[in-house]
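Here our numbering runs 15 ahead of the position in the sequence shown, where the first position is 1.
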Amino acid sequence: MSKFNQAKRIYFIGLKGVGMTALAQLLKSRGVQVWGSDTEEQFFTDKVLAAAGIECEIGFSAKHLDRPIDLVIRSSAYGDNQVEVKAAKEKKIGLLSYAEALGELTAEYQSVAVCGSHGKTTISAMLAHVLKQANLSPSAIVGSAVPQFGGNALVGSGELLVFEADEYQNKLQYFSPQSVILTSIDWDHPDFFPSADDYFATFVTFLKKIPTDGFVVACYDSDNVKEAVDKAGLSPEQILTYGLTDGRLQMVRMWLDEGRWHFSATDGEEYLGEFWLKLVGSHNVANALAVIACARRLGVDLEAIRTGLASFEGTARRFENKGKLTNGITVVDDYAHHPGEIKATLKAARAFYPYKNIRCVFQPHTFSRTQALLADFGKSFAETDEVIVLDTYTSAREKTGEVTSAQLVEEIKKNHTNVIYKPTISEAVNYLMETTNRNNLVLTMGAGDVWQVGDKLIEKFGLLSGSEF
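This is how it looks when you write it as structure tokens:
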């Protein structure tokens, strides 16, 4: 038995991290005593931890490890020189990274890893919701808040675990899922993966880990996914394919009706009928197809899947409608930070709001991603009427870089006539306050804190009572 399985008292360094909070909740449900530490900065996970009764020390100190501890789990944000990491090593306490700990946990479940460049969070949450509605009592770890979960974790009593499998820093090497959903392979994280080939190879290696009684649900709209599945050497019975335009489980038609996205689908020669979503965009139809394929393979009845999809309300920061303001503008927030995601989100916005003046406030993240994909970013904003670019959101792993937001603005201007640079959130807010009108849709976009732009506009103008899409 591993030290992870024997541990009854586990301390988390960087407890407020989305994955760390979810992991702590799952371990607590198994009877493990969990607590930890983090910075004073407020996250949505503060409320989640409080509701779960999980203690979080503010700040970092070697003294925090004076209590009896069997195992320490650290966030990937903290290296060997971090004060509590050093203390754990000095005390010879077992130490695992978040990815290593999650890998240990996934081996104990009938686990489904949701991986790929895009769509991981939505599919993880959507699949877990469908399985829950089908009374399978799954557990889940999702990379964002899910209102219907009351946080980003679902603690169930069944054998199934759905988890978001992040490829950054090759975390995939630590996971041992029974089955995998692979959404896309578009080169990302150039600070870790020097080339598109390196990035691609990581997914091929991961697929090769699928056991003979497992399966992959693969999006065949992506040529890279097709190639990865082919190179993985899985048997035909293990491969389930889906897509908007390719794959065995395929969309037939989609349409927008009374604020809901509808679509019909076939599975080979079998007509599956119509489905409907509360989510926006063709990319979410593709996400739903992945869930249908996976849930059917797991034995869920088609009508239960249909009901589950229709009742799924989405996740935070994924085309999240913040409401209509008293001055008439609508505010939507999205996590898109890669060219492919930006295009998909803006396409959805244009389809859902065909008569709105769409003003996209984009905050780049990271420097290395912006530099490596600069030309692609420049071509990503065709569906918006205006692009307002902020300074790059810095992260713990990347404080500075060689490319600037001013350079990004010039790149976008090669393909778009209405682009403006506003370095800070406050400058963007002031500009929008001076120039918005009733027909505006303000769409904040990025992986950082750009959502504050929308929140500050809400503070200024207020929400209309009962405002929705």
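The beta-carbon is built from N, C-alpha and C at its ideal position, and this holds for glycine as well.
Just so it is clear, the structure is predicted and the values come from calculations on it, not from any experiment.
Separation of residue j from residue i, as counted between CA atoms
i, j, result
"Ala22", "Ala443", "49 Å"
"Asp349", "Leu169", "23 Å"
"Pro209", "Phe476", "45 Å"
"Val376", "Gly314", "43 Å"
"Ala319", "Ile225", "27 Å"
"Ala39", "Ala308", "30 Å"
"Ser154", "Glu425", "46 Å"
"Arg268", "Asp464", "36 Å"
"Trp291", "Ile440", "36 Å"
"Leu405", "Gln422", "12 Å"
"Gly416", "Ser383", "7 Å"
"Ala114", "Leu264", "32 Å"
"Asp245", "Phe221", "13 Å"
"Asn445", "Val418", "25 Å"
"Ala325", "Asp85", "44 Å"
"Met16", "Gln97", "With a pLDDT of 44 at Met16, under the threshold of 50, the predicted position of this residue should be treated as unreliable, though the coordinate-derived value follows. So the alpha carbons of these two residues sit roughly 29 Å apart."
"Leu304", "Asn430", "33 Å"
"Glu398", "Asp201", "21 Å"
"Ala537", "Val468", "In the structure as shown, the chain begins at 16 and stops at 484. Residue 537 is therefore absent and cannot be evaluated."
"Phe164", "Leu456", "28 Å"
"Val49", "Glu174", "22 Å"
"Ala140", "Gly343", "32 Å"
Residue-chain proximity (residue i, chain B), Cβ-Cβ < 8 Å
i, result
"Ile373", "This model lacks chain B altogether; it includes just one protein chain."
Range of the contiguous alpha helix (DSSP H) that encloses residue i
i, result
"Arg384", "382-387"
"Leu304", "297-312"
"Ile320", "317-326"
"Thr281", "Taken as a continuous stretch (DSSP letters only), Thr281 belongs to no alpha helix (DSSP H), being part of the beta strand (DSSP E) at 275-282."
"Val63", "59-67"
"Ile357", "354-367"
"Gln265", "First-last for Gln265: 264-272, but that is the beta strand (DSSP E), not the alpha helix (DSSP H)."
"Leu459", "Strictly speaking, residue 459 in this sequence is Thr, with Leu absent from that position. No alpha helix (DSSP H) holds Thr459; the beta strand (DSSP E) holding it covers 455-460."
"Glu425", "420-428"
"Ser126", "Element bounds for Ser126: not the alpha helix (DSSP H) but the beta strand (DSSP E), 125-130."
Enclosing beta strand (DSSP E) for residue i [first to last residue]
i, result
"Tyr26", "24-28"
"Ala140", "Note, Ala140: premise wrong, no beta strand (DSSP E); alpha helix (DSSP H) at 135-148."
"Gly109", "109-112"
"Leu176", "175-179"
"Ala155", "154-161"
"Glu70", "70-73"
Which listed residue (the options) has its alpha carbon closest to that of residue i
i, options, result
"Asn20", "Gly46, Ser172, Arg384", "Gly46"
"Lys371", "Asp400, Asp61, His204", "Asp400"
"His380", "Asp228, Phe396, Asp203", "Asp203"
"Leu388", "Tyr26, Gly165, Trp276, Ile427", "Ile427"
"Asn185", "Ser139, Ser132, Leu175", "Ser132"
"Ala247", "Phe218, Thr450, Tyr214, Glu285", "Phe218"
"Asp282", "Val295, Phe190, Arg312, Thr451", "Arg312"
"Thr345", "Asn452, Ser91, Ile25, Gly165", "Asn452"
"Ser487", "Asp238, Ser199, Glu289, Ser152", "The structure shown has nothing for residue 487, since the chain only spans 16 to 484."
"Glu328", "Thr136, Phe178, Val457, Leu117", "Thr136"
"Arg321", "Ile373, Lys293, Thr385", "Lys293"
"Ala301", "His277, Glu285, Leu458, Leu317", "His277"
"Ser250", "Phe230, His79, Tyr436", "Phe230"
"Gly262", "Thr198, Phe207, Met141, Asp272", "Thr198"
"Cys130", "Asp391, Leu142, Asp316, Val195", "Val195"
"Leu259", "Val177, Ser237, Gly166, Glu273", "Ser237"
"Asn336", "Ile88, Asp391, Ala116, Thr459", "Thr459"
"Val306", "Phe190, Gly323, Phe58", "Gly323"
Environment of residue i [buried if 16+ CB atoms lie within 10 Å]
i, result
"Glu252", "exposed"
"Glu483", "Reliability fails at Glu483, whose pLDDT of 48 lies under 50, so the model's placement of it is uncertain and no value is given."
"Asn454", "exposed"
"Glu182", "buried"
"Met266", "buried"
"Ala233", "buried"
"Asp95", "exposed"
"Met448", "exposed"
"Ala364", "buried"
"Ile28", "buried"
"Asn554", "Past the boundaries of the shown model lies residue 554; the chain is included only from 16 to 484, so the question cannot be answered."
"Pro354", "buried"
"Leu478", "exposed"
"Pro192", "buried"
"Asp81", "exposed"
"Thr543", "The first residue shown for the chain is 16 and the last is 484, placing residue 543 beyond what the model contains."
"Glu285", "exposed"
"Trp270", "exposed"
"Pro162", "exposed"
"Ser172", "exposed"
Cβ-heavy atom distance, residue i to the ligand GTP, below 7 Å
i, result
"Leu42", "In the structure on display, the ligand GTP does not appear, and there are no ligands present to speak of."
- Task: Determine, using beta-carbon pairs with one atom in the region 51-60 and one in the region 117-133, whether at least three such pairs fall under 8 Å.
- Result: no
- Task: Decide if the region 86-105 is in contact with the region 155-174; the criterion is three or more beta carbon pairs, one per stretch, under 8 Å apart.
- Result: no
- Does the region 60-79 come within contact of the region 140-149, defined as at least 3 CB pairs closer than 8 Å? no
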